[in-house]
Amino acid sequence: MPDYFYGPQAEQFAFYRIPKALFTDPAFHSISTDAKVLYGLLLDRMSLSARNDWLDEQGRVYIVFTVEEIMESLACGNKKAVGLLRELEVGADLIERRRQGLGKPNLIYVKNFIEGNFLKCPNDTSVSVQSTVHDVSKGHGNKTDKNYTDLSETDPFLSGEAAGTESEGKDDRTLYQEYFARQFNFDALIAGHPDDEDMLREMLELLVDTVCSKRRFIRIAGDDKPAEVVKAQLMKLNGDYLRFVLMCLKENTTQVRNMRQYLLATLYNAPMTMHSSYAARVQHDFKTG
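Going by full-length UniProt numbering, the sequence shown opens with residue 1, and the numbers climb by one from there.
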């Protein structure tokens with residue numbers, strides 16, 4: 001049975017950042033809740049892009065967030081994911097997508113939700129930007145004159161413990177190490193697998209090295225993937241996935257020439273293969289009795 005939170009325990013998690021104003025300001029009421037949640041996911045990805053200098057020639061931050069990732073994150077179908085992107089881009093003017101070419105994912109620019117609403121209100125899209133300044137409907141007041149108490153003051157990378165004085169003087173690598181250690185409950189993980197401590201620490205260092213990489217593409221099983229996609233996948237990992245990877249390593253009977261690449265590929269694929277692997281084991285055990 002789930003327990004209650006006590007004292008500061010609620011701050012132990014990392015959180016997606018959905019601007020409070022999207023729910024409290026009447027100007028945003030026409031945007032669906034799912035679209036607002038997706039905007040929060042895109043903002044979360046953007047903070048990682050900014051840290052890794054994913055900037056275009058004009059200095060604007062861009063992200064890569066595929067339709068498949070949206071489907072997985074929101075547990076929805078392709079049609080719903082595409083519709084939410086269209087709602088944010090066409091209906092709300094909160095994102096802009098740019099094609100890269102055949103076989104490459106679109107770049108997404110996440111727009112400032114205050115300025116985007118001021119310039120193009122969802123219910124007044126037929127009015128020009130110039131006239132909107134004077135003739136905007138009552139629900140769409142000038143956001144530049146409003147003191148937003150709804151704006152988040154938490155750290156854009158790690159909400160909670162990494163914000164405020166606890167993150168002062170710490171570099172990105174240290175912050176990521178602390179993040180993964182919390183995600184994995186690392187001390188307890190080592191206590192439960194004392195013989196695998198060296199491998200667990202190697203996994204931790206590999207994860208930190210990868211998410212701190214400045215490369216635009218990271219090789220996974222011979223395939224160069226956008227760094228943002230790889231990092232987002234690795235940030236989903238928890239202690240259960242590391243236990244699964246340990247099991248895979250112990251059961252592997254083939255020669256591994258590049259352990260670092262093999263380990264990274266196994267960690268990356270763990271969220272997509274763990275449950276099906278366990279299900280196959282259960283089915284096999286059931287059939288063999």
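From the three backbone atoms N, C-alpha and C, an ideal C-beta is built for every residue, glycine too.
Item	Value
Counted within 10 angstroms of its Cβ, other Cβ atoms place Pro19 as buried (16 or more) or exposed	buried
C-beta atoms of Val208 and Phe184 nearer than 9 Å	no
CB of Ala92 within 9 Å of CB of Ser30, strictly	yes
Contact under 9 Å by Cβ, Val61 with Pro105	no
For Tyr4, the three-state DSSP class (helix, strand or coil)	coil
Bounding residues of the beta strand (DSSP E) (the contiguous stretch that carries Val110)	107-110
Which of helix, strand or coil DSSP assigns to Ile63	strand
Inter-residue Cα distance where the pair is residue 292 and Asp224	Since the first and last residues shown for the chain are 1 and 289, residue 292 lies out of range.
Backbone CA spacing between Val229 and Met235 [nearest angstrom]	10 Å
Where Met203 falls, given that 16 or more other Cβ within 10 Å makes a residue buried	buried
Distance between Tyr241 and Ala221 (C-alpha atoms, nearest Å)	18 Å
Same chain, Cβ closer than 8 Å to Val82, neighbours up to 5 away in sequence not counted	Val67
Cβ-based burial, Arg201 [other Cβ within 10 Å; buried from 16]	exposed
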